[in-house]
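So in my numbering, the last one in the sequence shown is 1545, and the numbering has no gaps at all.
Each residue gets a CB set at the ideal place from its N, CA and C atoms; glycine is no exception.
Owing to the predicted nature of the structure, the values given are computational and were not obtained by experimental measurement.
Inspection log for the structure reproduced underneath, given as structure tokens.
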Amino acid sequence: MKKNKIAAIKSQFDTKIHILEENDVEYWLARELMPLLGYERWENFEKAIKRSMESCDTSGITVSDHFREVTKMVQLGSGSKRNVRDYMLTRYACYLIAQNGDPKKEEIAFAQSYFAVQTRKQELIEERIAYIERTEARGRLRESEKRLSQNIYERGVDDAGFGRIRSKGDTALFGGHTTQDMKRKLGVKDNRPLADFLPTLTIAAKNLATEMTNYNVEEKDLQGETAITTEHVLNNSSVRSMLGERGIKPEELPPSEDIKKLERRVKSQEKKIVEQSGKLPVADDEGTQ
């Protein structure tokens, strides 16, 4: 997601902040937040709120500290008014709702980062969005490689053969550099997957080549290690050629931070969200706003 787009979305979220002056707690109203998270129907968004409330309760956190049902008066097109249900949501509540959404949607990926970062500095939000994009790409590669492993197993290739096929694909993608060459180049330990240290672009390139191999193995019903190796090398070479047309050489891209370290840092950050969000005050008898 580009910086200028992040800045524009951030501005929209910032304008919807409300503050409880008595305890200086920020909150958002669900009906104002709904379109920012890409929801069009209140019924669907309320389901996401309910799921998030259950997650909050399961975590042993008092739901009413972060979710507060309220009613508000709205103007109808006819000129009359009526009460509608709404929710006051702390930053932690908003974070849980974003966690229940689809991170492939830009609004959700942004919201997960926006509500996780206490200061909401744009550079920190950008950093976390980049982490989400990278982990999503890594997950897709993991799934496509799992499917490839299953495909070739069904066609007479064992685990050792799968390793050879994947390694030769890497050699084609990285311009003659083997998987071990790239590990040494990037300072990756032998017992760690190379993909855990690759930038998002390279992970996506590996995934595209693997998906192409899966497609042709299935469509052409390729059999045996030799035929599948030829296909996988060809696909990695094609992806490398495409990148080369844009002046990109995968073997020359710098390594990214160990994805496992990133995951630990994000989890540590998430543990602080509840404390940093504050709590909504005890509701009055009316429950209105």
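Going by CA-CA distance only, name the one from ASN1407, TRP1284 and LEU1450 that's closest to GLU1507. LEU1450
Per-residue DSSP class, three states only, for ARG1307: helix
On a Cα-Cα basis, can you pick out the residue from GLU1481, ILE1484 and LEU1292 that is closest to TYR1370? Here the closest residue by C-alpha is LEU1292.
Identify the residues that DSSP records as bridge partners of LEU1276: which are they? VAL1281
Between the CA atoms of ASP1514 and GLU1389 - distance to the nearest angstrom: 14 Å
Enclosing alpha helix (DSSP H) for LEU1345 [first to last residue]: LEU1345 -> not in any alpha helix (DSSP H); beta strand (DSSP E) instead, spanning 1337 to 1345.
If contact is defined by three or more beta carbon pairs under 8 Å, each pair taking one atom from either stretch, is the segment 1452 to 1467 in contact with the segment 1475 to 1486? no
Among MET1309, GLU1310 and ARG1287, which one has its Cα closest to the Cα of GLU1299? ARG1287
Pick from LYS1272, LEU1404, MET1329 and GLU1278 that is closest to ALA1465, judged by C-alpha positions: LEU1404
Go ahead and pull the three-state DSSP assignment for GLU1542. Low confidence applies to GLU1542: its pLDDT is 45, below 50, so where it sits in the model is not reliable, and the reading given next is rough at best. Coil at GLU1542, not helix or strand.
According to DSSP, what are the bridge partners of GLY1329? In the sequence under discussion, the amino acid at residue 1329 is Met, which differs from the Gly named in the question. As computed with DSSP, MET1329 is found in a beta bridge with ASN1339.
Exposure label - ALA1416; buried when at least 16 CB within 10 Å: exposed
C-beta atoms of TYR1348 and HIS1322 nearer than 8 Å: yes
My output table needs one value for LEU1380: the three-state DSSP class, helix, strand or coil. helix
Which of helix, strand or coil does DSSP assign to ARG1422? helix
Sort out for me which residues DSSP pairs PHE1323 with in a bridge. LEU1345
Alpha carbon of ILE1353 to alpha carbon of ASN1472, nearest angstrom: 39 Å
By alpha-carbon positions, which one of GLU1363, LYS1303 and LEU1345 ends up nearest to LYS1261? Nearest in C-alpha terms to LYS1261, of all of GLU1363, LYS1303 and LEU1345, is GLU1363.
Is the CB-CB distance between SER1533 and THR1346 below 8 Å? yes
If you draw a straight line from the C-alpha of GLU1474 to the C-alpha of ILE1484, how long is it? Answer to the nearest angstrom: the Cα atoms are 11 Å apart.
Alpha helix (DSSP H) runs wholly inside the segment 1430 to 1511, at least 4 long, in chain order: 1435 to 1442, 1456 to 1476 and 1480 to 1501
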